[in-house]
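Student: Below is a structure I'd like to ask you about.
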Amino acid sequence: MNAKIRYAALGLLAVGGLYTGLWAYFSPKAWYENFPGFGRSRLPQLGPYNEHLAKDDGAMFLALAVLTVITLRHVRDNRFVLTPGRLDGGRQGGGRQRAGREGTR
3 MNAKIRYAAL GLLAVGGLYT GLWAYFSPKA WYENFPGFGR SRLPQLGPYN EHLAKDDGAM
63 FLALAVLTVI TLRHVRDNRF VLTPGRLDGG RQGGGRQRAG REGTR
């Protein structure tokens with residue numbers, strides 16, 4: 003994947019996380035009543051307002067935004083991109099394929 007596309011995608015995720023996190027953490031009631039915004043409100047349908055839960059969601063979004071910003075520093079390092087593939091044996095489904103072959107012997 004092109005580095006410019008990675009920067010753009012990660013930047014968009016960071017901005018969205020910061021916006022949502024700050025909104026939920028510092029104004030949990032308004033976030034609960036109006037999320038995701040643009041005239042749509044989906045959270046009240048899930049149950050009554052809970053300030054603790056709303057602030058926890060805000061903190062989660064802020065933490066993910068911080069991790070995304072940290073990742074922006076390493077966007078050209080392919081180790082961050084290749085690590086999940088290596089954990090799975092270098093190919094998608096590698097662990098399941100190996101287990102299947104061993105089971106047939």
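According to this note's numbering, the residues represented by the sequence shown are 3 to 107, in order.
Positions of the beta carbon are idealized from the N, C-alpha and C atoms, including for glycine.
Does the separation of the CB atoms of GLY60 and TYR27 fall below 9 Å?
Tutor: Position 58 of the sequence shown, counted from the first residue, corresponds to residue 60. Position 25 of the sequence shown, counted from the first residue, corresponds to residue 27. A contact, by the Cβ cut-off of 9 Å.
Student: Suppose only complete runs of 4+ residues qualify. What are the alpha helix (DSSP H) ranges in the stretch 4 to 64, listed by chain order?
Tutor: Fully enclosed alpha helix (DSSP H) runs of 4 or longer: 5 to 28, 30 to 36.
Student: Any contact between the stretch 31 to 38 and the stretch 72 to 83? By contact I mean 3 or more CB pairs, one from each, below 8 Å.
Tutor: Touching, no, given that fewer than three Cβ pairs across the two stretches are closer than 8 Å.
Student: Relative to the alpha-carbon of GLY19, which residue among GLY49, ALA5, MET62 has its alpha-carbon at the smallest distance?
Tutor: Sequence index remark: in the sequence shown, residue 19 carries index 17 (1-based). GLY19 has its Cα closest to that of MET62, out of GLY49, ALA5, MET62.
Student: ARG81 to ALA11, Cα distance in whole Å?
Tutor: What you label residue 81 is simply residue 79 of the sequence shown in a count that begins at 1. What you label residue 11 is simply residue 9 of the sequence shown in a count that begins at 1. Going from the Cα of ARG81 to the Cα of ALA11 covers about 18 Å.
Student: Mapping DSSP to helix, strand and coil, what is ARG81?
Tutor: As a working mapping, residue 81 is identified with position 79 in the sequence shown. Reduced to three states, the DSSP call for ARG81 is helix.
Student: To which residues of the same chain is LEU66 closer than 6 Å at the C-beta, ignoring the five residues directly before and after it?
Tutor: The residue you call residue 66 lines up with position 64 of the sequence shown. Closer than 6 Å at Cβ, skipping near neighbours: GLY19.
Student: When the distance is taken between beta carbons, is LEU24 closer than 9 Å to LEU64?
Tutor: For the purposes of this step, residue 64 is taken as residue 62 along the sequence shown, with counting starting at 1. For the purposes of this step, residue 24 is taken as residue 22 along the sequence shown, with counting starting at 1. Result yes, Cβ atoms of LEU64 and LEU24 sit closer than 9 Å.
Student: If you draw a straight line from the C-alpha of LYS6 to the C-alpha of ASP79, how long is it?
Tutor: The sequence position of residue 6 within the sequence shown is 4, counting from 1. The sequence position of residue 79 within the sequence shown is 77, counting from 1. Roughly 13 Å separates the two Cα atoms.
Student: Could you tell me the alpha carbon to alpha carbon distance between LEU48 and ARG42, rounded to whole angstroms?
Tutor: Position 46 of the sequence shown, counted from the first residue, corresponds to residue 48. Position 40 of the sequence shown, counted from the first residue, corresponds to residue 42. Roughly 14 Å separates the two Cα atoms.
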